[in-house]
């Protein structure tokens, strides 16, 4: 009678952590009570059953397996050796056709195991608060939510699982539109002025947003949609903002608002005459040649060394009947 070792496994490749069964088949063994002997690479495996089961195999289990049967009247020869090779556990690979979901769109993710066959796939998504499994065992899924995704492959019964793939972060673009608004009453902005930039998000009601700005130096108050700052000429440039709903979903960047900061203007002072006649007056006119909306501040000094005294008038023209050194600002 001839013994042979049969591998009860659906695939030719065997991986570390898989469960396998080897069976010792004896031709014409029906009706005979057998005990069995197993060995790997000439070392006894101390099993007397017709099936040699391993709950998990590792690289050290690789080798040549043989068996023989023993009954009360005869012993078979050792079978031809079956070579078992245990490979490292494979890792699933995850690819995304793009990493940003356009507003109203989706991203296609593909999971693969490059070795062997018969895999089904398990998908997982992490958002900012929890991990979720995706109920789809195909190798490709279409996703429309931002998050951190990974996958793994599984096969067999009991099921063997590959190592988890590397993570892929998918960002989602929400349909709300962001825009930068300049809260300022005049078209021209001058060095030293305080301005407010506001990030408005269309349809933002009921959602807690955080905000990002370009340039980056304004990303110091992410929970506020307003920036209030004193500007200089170096602040001239383009400003954009976006709203972030959570870690993985945000609006697109707004269109740019171009800010031009000009030199601080100088007020001009004119007098209709420089000598006040007895019992008369002189008319002074203060003006700023750029922009509009100015109010004026007047000052008088009685001598070169004396302090300036304000004149309580904010119009652009005043009539004075006292001598002194006059100045104005706007």
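Numbering (our numbering), first residue to last: 2 to 331.
Virtual Cβ for every residue (Gly too), placed ideally from N, Cα, C.
Treat the numbers as computed from the prediction; the structure is a model and nothing was measured.
Inset, instruction - Counting only the same chain and skipping the five closest in sequence on each side, list residues whose C-beta sits under 6 angstroms from that of residue 243. - result: 179, 213, 251, 252, 254
Inset, instruction - Say whether the region 112-125 touches the region 89-103, bearing in mind that this needs 3 or more beta-carbon pairs closer than 8 angstroms, one atom from each stretch. - result: yes
Inset, instruction - For residue 268, collect the residues of the same chain with a Cβ closer than 6 angstroms to its Cβ; drop the 5 residues on either side in sequence, then sort them by chain order. - result: 287, 289, 329, 330, 331
Inset, instruction - Would you tell me roughly how many angstroms separate the C-alpha atoms of residue 133 and residue 127, rounded to the nearest one? - result: 6 angstroms
Legend entry - alpha helix (DSSP H) runs contained entirely in the region 153-228, provided each spans 4 or more residues: none
Inset, instruction - From the DSSP output, in three-state form, read off residue 62 for me. - result: helix
Legend entry - Reduced DSSP category for residue 72 - H, G, I as helix; E, B as strand; rest coil: coil
Legend entry - Three-state class that DSSP yields for residue 38 in the structure shown: strand
Legend entry - C-alpha distance - residue 332 paired with residue 12, whole-angstrom precision: This structure gives no information on residue 332, because the portion of the chain shown stretches from 2 to 331.
Inset, instruction - Sort out for me which residues DSSP pairs residue 138 with in a bridge. - result: Looking at the DSSP assignment, residue 138 forms no beta bridge with any residue, so it has no partner.
Legend entry - Residues of its chain near residue 140, where Cβ-Cβ distance is below 7 angstroms and the 5 sequence neighbours each way are ignored: 111, 112, 113, 122
Inset, instruction - Grab the span of the beta strand (DSSP E) containing residue 9 for me, first residue to last. - result: 4-9
Inset, instruction - Give, in chain order, every unbroken run of the beta strand (DSSP E) that is at least 3 residues long and sits entirely within the region 231-283. - result: 238-247, 258-260, 269-272
Legend entry - Start and end residues, beta strand (DSSP E) containing residue 315: Premise fails: residue 315 is in no beta strand (DSSP E) and is neither H nor E.
Inset, instruction - Kindly indicate which three-state DSSP category residue 123 falls into: helix, strand or coil? - result: strand
Inset, instruction - Specify, as a first and last residue, the run of the beta strand (DSSP E) that residue 52 falls within. - result: 52-55
Legend entry - Straight-line Cα distance separating residue 196 from residue 187: 11 angstroms
Legend entry - According to DSSP, residues forming a beta bridge with residue 22: 9, 54
Inset, instruction - Leaving out five residues on either side along the sequence, give the residues of the same chain with a beta carbon under 6 angstroms from the beta carbon of residue 120. - result: 114, 154, 156
Legend entry - Backbone secondary structure at residue 45 - three-state DSSP: strand
Legend entry - Nearest candidate by alpha-carbon position, reference residue 300, set 215, 274, 319: 319
Legend entry - Residues of its chain near residue 272, where Cβ-Cβ distance is below 6 angstroms and the 5 sequence neighbours each way are ignored: 283, 285
Inset, instruction - Could you round the C-beta distance between residue 366 and residue 25 to whole angstroms and report it? I think they count as a contact, below 8 angstroms. - result: In this structure the chain extends from 2 to 331, so residue 366 is not present and cannot be described.
Inset, instruction - Return the chain-ordered list of same chain residues with a C-beta closer than 8 angstroms to the C-beta of residue 36, the five sequence neighbours on each side being excluded. - result: 49, 70, 71, 72
Legend entry - For residue 310, the residue or residues it bridges with in DSSP: 301
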